[in-house]
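Quick note on my numbering: the sequence shown kicks off at 1 and runs consecutively.
Here the structure is laid out as C-alpha cells; the discussion comes afterwards.
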Amino acid sequence: MNHRNAPTSPAGCGDQLWLLAFVAVSLAIFWPSRHAGFVVDWLGWQMRYEAGGWGDVLSSFGYQALQPVLQFCNYLMFRVFGTEGLPWYLLFASLHGANAWLLYRLIRRLLHDGTSMNPALAAGFLFLLSPYAAEVVVWRVCLHYLLSFAFALGALHAALDYFETGSRRILWRVHGLFLLGLFSLEWSLVIPVLLGWLLAVYTLSYRDWMAAGRRFAGLLLPPVGLLAGYFALNKWMFGNWVGHYGASTHLKVDPQLLFSTMLKYFVKYAGFARYFDPGWKDKIFGWFDKPEVIWGSAAGIGLLFVLWVWRGFSRKTHPRWQWAGFGLGAFFISLLPVANLFFYYLQWSENDRYGYFAAAFFWMAAALALSALPRWAFSVVTTVLILISGYLLFKMSRTWGESEKIYTSLVQDFRWYDRNEVVIMASPDNLKGVWIMRIIGQDNGFNEALTLRRREPFKGQMWEVVQFNMETPTDGVKVEKLDTDSTGMTYKTLFPQFGNWWFRNGIGASDYETKSYVFRKKEWHVETTFLERRSDRAIIYPVGGKWFEAPQ
Numbered sequence: 001m002n003h004r005n006a007p008t009s010p011a012g013c014g015d016q017l018w019l020l021a022f023v024a025v026s027l028a029i030f031w032p033s034r035h036a037g038f039v040v041d042w043l044g045w046q047m048r049y050e051a052g053g054w055g056d057v058l059s060s061f062g063y064q065a066l067q068p069v070l071q072f073c074n075y076l077m078f079r080v081f082g083t084e085g086l087p088w089y090l091l092f093a094s095l096h097g098a099n100a101w102l103l104y105r106l107i108r109r110l111l112h113d114g115t116s117m118n119p120a121l122a123a124g125f126l127f128l129l130s131p132y133a134a135e136v137v138v139w140r141v142c143l144h145y146l147l148s149f150a151f152a153l154g155a156l157h158a159a160l161d162y163f164e165t166g167s168r169r170i171l172w173r174v175h176g177l178f179l180l181g182l183f184s185l186e187w188s189l190v191i192p193v194l195l196g197w198l199l200a201v202y203t204l205s206y207r208d209w210m211a212a213g214r215r216f217a218g219l220l221l222p223p224v225g226l227l228a229g230y231f232a233l234n235k236w237m238f239g240n241w242v243g244h245y246g247a248s249t250h251l252k253v254d255p256q257l258l259f260s261t262m263l264k265y266f267v268k269y270a271g272f273a274r275y276f277d278p279g280w281k282d283k284i285f286g287w288f289d290k291p292e293v294i295w296g297s298a299a300g301i302g303l304l305f306v307l308w309v310w311r312g313f314s315r316k317t318h319p320r321w322q323w324a325g326f327g328l329g330a331f332f333i334s335l336l337p338v339a340n341l342f343f344y345y346l347q348w349s350e351n352d353r354y355g356y357f358a359a360a361f362f363w364m365a366a367a368l369a370l371s372a373l374p375r376w377a378f379s380v381v382t383t384v385l386i387l388i389s390g391y392l393l394f395k396m397s398r399t400w401g402e403s404e405k406i407y408t409s410l411v412q413d414f415r416w417y418d419r420n421e422v423v424i425m426a427s428p429d430n431l432k433g434v435w436i437m438r439i440i441g442q443d444n445g446f447n448e449a450l451t452l453r454r455r456e457p458f459k460g461q462m463w464e465v466v467q468f469n470m471e472t473p474t475d476g477v478k479v480e481k482l483d484t485d486s487t488g489m490t491y492k493t494l495f496p497q498f499g500n501w502w503f504r505n506g507i508g509a510s511d512y513e514t515k516s517y518v519f520r521k522k523e524w525h526v527e528t529t530f531l532e533r534r535s536d537r538a539i540i541y542p543v544g545g546k547w548f549e550a551p552q
C-alpha cells in the first residue's frame with residue numbers, strides 16, 4: 001500500500017492559532033514564577049559561564065556530559081540577559097507551550113479525521129498544565145529537557161512526513177533532530193526506540209508491510225552508527241561510555257526496579273498522587289515495591305498488549321485504540337533512561353523533571369482512551385482533569401515565586417560583613433519541596449548567592465550547620481542557649497511551628513563535626529556546640545525571609 005497520498009491533517013490556520021493559545025496559557029500560568037529558578041545547580045553553572053567563554057561550549061564548560069547544544073543556548077541567554085528573569089521565563093514557558101502544541105499536532109496527524117480534535121486538545125492541555133512540569137519550566141538548569149523533547153517530537157513528525165511522502169531527504173531531518181537531542185540530554189538515547197515504535201504501530205495501522213523494511217532501514221540503521229560514535233566520544237572525553245551520572249547508573253538493568261518505578265510514575269500521573277497526604281503516598285507508592293504487585297502488573301499489561309496486537313491485526317479496533325496503545329508504549333519507553341534513578345515523592349517538585357517526556361505520552365494515551373466515552377462524558381471527565389491539573393500547576397508556580405522572594409530577601413538582608421566568621425544555624429533547604437538553598441558536600445552555599453546575586457561576597461569563614469524545609473513562607477527556627485551547658489557554648493535550634501524537619505546534603509540530617517563546632521540531632525531539636533569562643537563570630541538564623549542574630 002502506498003501512502004504518498006495518505007490523508008493527513010495539515011497545520012492550517014486553526015492549528016496555528018492553537019499554537020498561540022498553548023503558548024499564551026503557558027505564559028499566563030507561569031507568570032507568578034517569572035523571576036524564579038536561578039538556584040542550587042544554576043549557581044554552579046553561572047560560575048562556569050562567568051569564568052569561561054564561547055570556546056568552552058563544545059566541552060560543555062567542563063561538565064561530564066556531551067551537551068554542547070544545551071550549553072550554546074544557555075550561554076547565549078546568559079551572555080545576552082544575565083540572570084534577568086523575564087527573558088528566561090519567556091523562553092522556557094514558550095518552549096513548553098510549543099511542546100504541548102507539537103503533541104496536539106501529533107495526535108491530529110495520527111488520527112487524521114474529525115474525531116481527532118477533542119482528544120488532541122485534551123492531551124495537549126493536560127500535558128501543558130501538568131503540575132509536574134513546573135520544575136522543568138521554572139528551574140533554569142532544565143532547558144535541555146524542553147529542547148530535547150521538542151527535538152524528539154520534531155523527529156516523530158518528520159518520520160510521519162517520511163511515511164506519507166516516501167522522500168528519503170526527510171530522513172536527514174529525522175536524524176538531525178535526533179543528534180540535536182542527543183547533544184542536549186542523554187534521555188534522547190531513546191528517540192530511535194520511539195521511532196521504531198512509531199513505525200511498528202503505523203505499519204500495523206495501515207497494513208503497509210511492503211514498505212516496512214525500507215522504512216526500518218532508513219529510520220533505524222543510521223542511529224546505530226550515530227550512537228556508536230556518541231558512546232566512543234564519551235569514552236574518549238570522560239573515560240565513561242555515558243556522561244552525566246555515568247554508565248554504571250544509566251545502563252544499570254534491574255527489571256524489577258525498572259518496572260516498579262514505571263508503575264509509580266503511572267500512578268503519579270493518573271491520580272496526581274504526589275499531592276496526597278504523606279501517609280497515603282507511602283501506602284500507594286510502597287505497594288508498588290512488592291514483587292507480587294510488580295510482576296502481577298507486568299503480566300496484566302502483557303496480556304493487554306497481546307490483546308491489543310491481536311485486535312490490531314484482525315482490524316477489530318478503532319484507530320483511537322491503536323494510537324492509545326502507541327502512547328502507552330511511548331510512556332514506558334520514555335521512562336527507560338530514568339526508571340533506575342531514585343523515585344522521590346515525599347515533597348513536591350524534586351525530580352519531577354525526570355518524567356517530563358513520559359507525561360506527554362501518558363496524557364496522549366489517556367485522552368485517546370477517554371475519547372471512546374460519549375462526547376458529553378468525555379468533555380466532563382477531561383474538563384475536570386484539566387481544572388485539577390491547572391489548579392495544582394498554579395499552586396506550584398506560586399510556590400516557586402514565593403521561594404524566590406524568600407531567597408532574594410535573605411540575600412539582601414545579610415549584614416554581617418564586619419565579622420570574620422558567620423554561622424548560619426539553619427537555612428531553608430526548600431519550600432514545600434521547591435529548592436531554595438540546598439547544598440551538597442559544602443560548608444555553606446549562601447556565600448555563593450552573596451557572590452553571584454548580590455555581588456558582595458563574604459570574605460570570612462561561613463558555615464551552614466543544618467537546613468530545613470519550609471511549609472509556609474513565614475516558617476523559621478528559634479535559637480537559644482542550652483540551659484544545661486555551663487560553658488554557654490552549646491545552642492539549641494528548634495522549630496516554633498509544626499511540619500518541618502532537618503536536612504543536610506539533601507537528605508535527613510545526622511550527627512557530624514567540623515573544626516568549628518559539633519552538631520548533634522536530638523528528638524525534638526538539634527544542638528550545636530562550638531569548640532572555641534570568638535568575639536568576631538555572628539550566629540544567625542532565619543525566620544521567613546529575614547535574618548536574626550542569636551546572643552552569645
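Even for Gly, the Cβ is constructed at its ideal location relative to N, Cα and C.
On a predicted model such as this, the values are computed, not experimentally measured, just so you know.
**Every unbroken alpha helix (DSSP H) within the segment 327 to 412, with a cutoff of 4 residues, ordered by chain** = 356 to 370
**Prompt:** Helix, strand or coil for Leu303 per DSSP?
**Reply:** helix
**Prompt:** Among Tyr345, Glu84 and Ala509, which residue has its Cα nearest to the Cα of Trp280?
**Reply:** Tyr345
**Touching by the beta-carbon criterion (3+ pairs, under 8 Å), the segment 164 to 176 and the segment 65 to 73** = no
**Prompt:** Mapping DSSP to helix, strand and coil, what is Thr528?
**Reply:** strand
**Prompt:** In terms of residues, what are the limits of the beta strand (DSSP E) holding Thr490?
**Reply:** Thr490 to Leu494
**Asked** Where Tyr407 and Gly85 are concerned, what is the direct C-alpha to C-alpha distance, given to the nearest angstrom?
**Response** 14 Å
**Request:** May I ask you to report which of helix, strand or coil DSSP gives Glu471?
**Result:** coil
**For Tyr517, the residue or residues it bridges with in DSSP** = Phe530
**Asked** Ala98 by DSSP, collapsed to three states: which one?
**Response** helix
**Asked** Should Gln46 be labelled buried (16 or more other beta-carbon atoms within 10 Å of its own) or exposed?
**Response** buried
**Message:** Please tell me whether Gln461 and Asp429 are closer than 8 Å, where the distance is taken between their beta carbons.
**Reply:** no
**Message:** With a threshold of 7 Å on Cβ separation, who are the neighbours of Phe238 within its own chain once the five nearest residues in sequence on each side are excluded?
**Reply:** Gln64
**Asked** Which residues in the same chain as Leu58 place their Cβ atom closer than 8 Å to its Cβ, once the five residues preceding and following it in sequence are excluded?
**Response** Pro68
**Asked** Taking C-alpha atoms, which residue in Leu303, Trp18, Asn340 and Phe331 lies nearest to Ala120?
**Response** Trp18
**Message:** Excluding the 5 residues flanking Leu341 on each side, which residues of the same chain have their C-beta closer than 7 Å to its C-beta?
**Reply:** Tyr354
**Prompt:** Roughly how many whole angstroms lie between the Cα atoms of Leu219 and Gly213?
**Reply:** 10 Å
**Message:** Taking a contact to mean a Cβ-Cβ separation below 8 Å, would you say Gly327 touches Leu368 in this structure?
**Reply:** yes
**Message:** Comparing C-alpha positions only, which one of Leu95, Met77, Ile107 and Trp88 sits nearest to Asp15?
**Reply:** Ile107
**Prompt:** Helix, strand or coil: which one does DSSP assign to Tyr49?
**Reply:** helix
**Request:** Measure the alpha-carbon distance for Phe357 versus Thr261 and round it to whole angstroms.
**Result:** 15 Å
**Message:** Suppose you measure from the CA of Asp41 to the CA of Pro319; what does that come to, to the nearest Å?
**Reply:** 44 Å
**Message:** Mapping the DSSP letters down to three states, classify Gln67 as helix, strand or coil.
**Reply:** coil
**Message:** Could you check whether the Cβ of Asp41 sits closer than 7 Å to any heavy atom belonging to the ligand NAD?
**Reply:** By its list of ligands, the structure shown contains no ligand whatsoever, and the ligand NAD lies outside what it can speak to.
**Message:** What would DSSP say about Trp502, mapped onto helix, strand or coil?
**Reply:** strand
**Message:** What would DSSP say about Ala21, mapped onto helix, strand or coil?
**Reply:** helix
**Request:** Would you check if the distance between the CB atom of Arg537 and the CB atom of Glu421 is smaller than 8 Å?
**Result:** yes
**Backbone secondary structure at Ala426 - three-state DSSP** = coil
**Prompt:** Tell me, which residues are paired with Arg537 by DSSP?
**Reply:** Glu421
**Request:** Taking all protein chains shown into account, decide if Gly476 is buried (16 or more other Cβ within 10 angstroms of its Cβ) or exposed.
**Result:** buried
**Request:** Say whether the segment 170 to 182 touches the segment 147 to 154, bearing in mind that this needs 3 or more beta-carbon pairs closer than 8 Å, one atom from each stretch.
**Result:** yes
**Message:** Helix, strand or coil for Gln461? Go by DSSP, reduced to three states.
**Reply:** strand
**Request:** State the Cα-Cα distance for the pair Tyr104 and Leu392, rounded to the nearest angstrom.
**Result:** 22 Å
**Request:** Look at the alpha carbon of Glu471 and the alpha carbon of Gly499, and state the distance between them as a whole number of angstroms.
**Result:** 7 Å
**Request:** Compute the Euclidean distance between the alpha carbons of Gly544 and Trp295, then round it to the nearest angstrom.
**Result:** 47 Å
**Asked** Should Trp54 be labelled buried (16 or more other beta-carbon atoms within 10 Å of its own) or exposed?
**Response** exposed
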